[in-house]
Amino acid sequence: MEQELKMTVQEADKYALMKQIGSKKTSIKEASQIMGISYRQARRLWQRYQREGPTGLISKRRGKPSNNQIASDMKEKVLSLIKSKYADYGPTLVREKLHEKHSLILAKETIRQIMIQGGVWKAKKKKNQKVYARRTRRSCLGELVQIDGSYHDWFEDRGEKCCLLVFVDDATSQIMAMRFCRTETTDDYFATLREYLLRCGRPKAFYSDKHSIFRVNMKGCQGKTTFHRALKELDIELICAHSPQAKGRVERANGVLQDRLIKELREENISSQEGGNAYLEKYRKKYNKKFGKEPASPQNAHRKLLPSHKLDEILLEKSKRVIAKDLSFSYGNKIYQIDSPYRNRLPGKHVDIYEKSGKIKYVGVAGKRVEYKKWKEKIIESPKTVDTKELESMWITRKRKPRKHHPWR
-11 MEQELKMTVQ EADKYALMKQ IGSKKTSIKE ASQIMGISYR QARRLWQRYQ REGPTGLISK
49 RRGKPSNNQI ASDMKEKVLS LIKSKYADYG PTLVREKLHE KHSLILAKET IRQIMIQGGV
109 WKAKKKKNQK VYARRTRRSC LGELVQIDGS YHDWFEDRGE KCCLLVFVDD ATSQIMAMRF
169 CRTETTDDYF ATLREYLLRC GRPKAFYSDK HSIFRVNMKG CQGKTTFHRA LKELDIELIC
229 AHSPQAKGRV ERANGVLQDR LIKELREENI SSQEGGNAYL EKYRKKYNKK FGKEPASPQN
289 AHRKLLPSHK LDEILLEKSK RVIAKDLSFS YGNKIYQIDS PYRNRLPGKH VDIYEKSGKI
349 KYVGVAGKRV EYKKWKEKII ESPKTVDTKE LESMWITRKR KPRKHHPWR
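Structure (structure tokens):
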């Protein structure tokens, strides 16, 4: 009865060559060249084949535990750490945390297998995603910066759901600025932009979505939003993407942050936007060190802020109103009076109102500041209408004694 042997494709090829050597169809030297091994190794293989037959070509390590496998007690220690501290972490992040905090150096695949065996991790099948055409990265740091807001439970059940504003450089994938805020507003984008400009300078362009903060979405309207107007004054181009995939760098960064930053905030026991904003600069440096790329060109495309770029004046909401004949204008259901000696020149002109968080910072006409004050109307009470009974109650009546011969007496 013939014995059935299980061989790999490589072992089966060796078996075929050994049979050719036995039938004198090829030599050991030619066989060694075909197998890509030395002549001495091929000769030893031929001698083993002569002694043991086809069985001698099968690896002796098959079915035996690997010499490189980690000890069972180490597996138990790692699994215990994962279950107690990193149960919802992915294998890659677990590997980093074990090395950083517990001085344990293990391969990512080893950790993944331990997590699967321990029931902590389930193998996932990748979904078939729509493939988009690749876009070449910009060559210089600061040439294009992608911006976006990501709504998420950043503080889990420790705090309220909020938004994280993220600025990502296209050339290097580095995060240039981050900020927690309640929701996406022009004021919050201005605050993040100010921090970025003061630290790095002016980029050449920003790449955003079509949120109403960045562009006017009303059909047929050609106006600019407050944010767009501010960028134009700073000589920064604004490009609006047609799809989320177009600004993939910042979208992928959001995905990484929603996984990793949440866990970092949990470890630091941060549960508020104020605490999160104080921690973000430290995390930004850590993120850039791990995920940042080298730009194609060493040139930095950021430009310095000029003396004319007064951020306190540029990074404000701007509205226009028409000045009335009495030098007044209305804003927010309130009337304001302009204090100017040029009374005949101003009526009919536009006044620029600069505000922040709903409060007017200053107003200007034709690029020059003007003094103004809130108009306070005198409240004049109208006469109260009363009836006779009320009047009688208010009159002071004097008691009169009737005469001696009065008929009613």
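For what it's worth, the working numbering labels the leading residue of the sequence shown as -11, then goes sequentially.
The beta carbon of each residue, even a glycine, is placed where N, CA and C say it ideally should be.
Pull the bridge partners of residue i from the DSSP assignment, please.
i	result
CYS209	Answer by DSSP bridge pairing: none, since CYS209 is not bridged.
TYR350	TYR342
LEU305	Position check: residue 305 holds Glu in this sequence, whereas Leu was assumed. GLU343.
VAL310	HIS338
Which residue marks the beginning of the beta strand (DSSP E) containing residue i, and which one marks its end?
i	result
VAL154	150 to 157
ALA193	193 to 196
ARG167	163 to 169
Of the choices the options, whose alpha-carbon is the least far from that of residue i?
i	options	result
GLU343	ASP300, ASP223, SER15, TRP142	ASP300
MET103	LEU294, LYS273, TYR77	TYR77
ALA19	LYS2, ASP247, SER196	LYS2
VAL154	ILE135, ASP141, ARG170	ILE135
LEU334	LEU94, ASP314, LYS96	ASP314
GLN241	ILE46, LEU67, MET164	First, the amino acid is wrong: residue 241 is Ala here, not Gln. When only C-alpha atoms are compared, the closest one is MET164.
ASP158	ILE58, ARG50, THR124	THR124
MET166	ARG190, TRP109, GLU183	GLU183
LYS73	LEU92, SER54, GLU255, LYS389	GLU255
CYS151	ASP176, GLN35, GLN162	ASP176
LYS361	GLN325, HIS338, ILE348	GLN325
GLN121	LYS235, ILE46, SER260	The identity of residue 121 in the sequence shown is Ala, whereas the question assumes Gln. Among LYS235, ILE46, SER260, the Cα nearest to that of ALA121 is on LYS235.
Taking just the CA atoms, how far does residue j sit from residue i?
i	j	result
ASP340	ARG309	7 Å
GLN233	GLU239	8 Å
MET62	GLN8	48 Å
ALA289	MET(-5)	60 Å
ASP327	PHE194	40 Å
TYR350	ALA179	19 Å
HIS87	GLN246	22 Å
HIS216	ALA95	48 Å
LYS398	PHE317	Only positions -11 to 397 of the chain appear in the structure, and residue 398 is not among them; the question remains open.
ILE201	THR214	8 Å
PRO283	ASP145	39 Å
SER307	ARG291	28 Å
MET(-11)	SER60	In this predicted model, MET(-11) has a pLDDT of only 46, less than 50, meaning its place in the structure is not dependable; the value taken from the coordinates is given anyway. Approximately 41 Å, taken between the alpha carbons.
Between which two residues does the alpha helix (DSSP H) containing residue i stretch?
i	result
ILE99	96 to 105
ALA59	ALA59 -> no alpha helix (DSSP H), and no H or E assigned at all.
LEU81	79 to 90
ARG203	Careful: ARG203 lies outside any alpha helix (DSSP H) and carries neither H nor E.
LEU33	27 to 40
Helix, strand or coil for residue i? Go by DSSP, reduced to three states.
i	result
LYS292	coil
HIS140	strand
LYS322	strand
LYS13	coil
ARG357	strand
CYS188	helix
MET(-11)	Here MET(-11) scores only 46 on pLDDT, less than 50, and its place in the model is too uncertain to base an answer on.
ILE258	coil
LEU315	coil
TYR327	Correcting the residue identity first, residue 327 is Asp in this sequence and not Tyr. DSSP places ASP327 in strand when its eight states are reduced to three.
GLU225	strand
ILE135	strand
LEU334	coil
LYS52	coil
LYS362	strand
Could one say the Cβ of residue i lies closer than 8 Å to chain D's Cβ atoms, at least one of them?
i	result
TYR27	Going by chain labels, chain D is absent from the structure shown, which holds only one protein chain.
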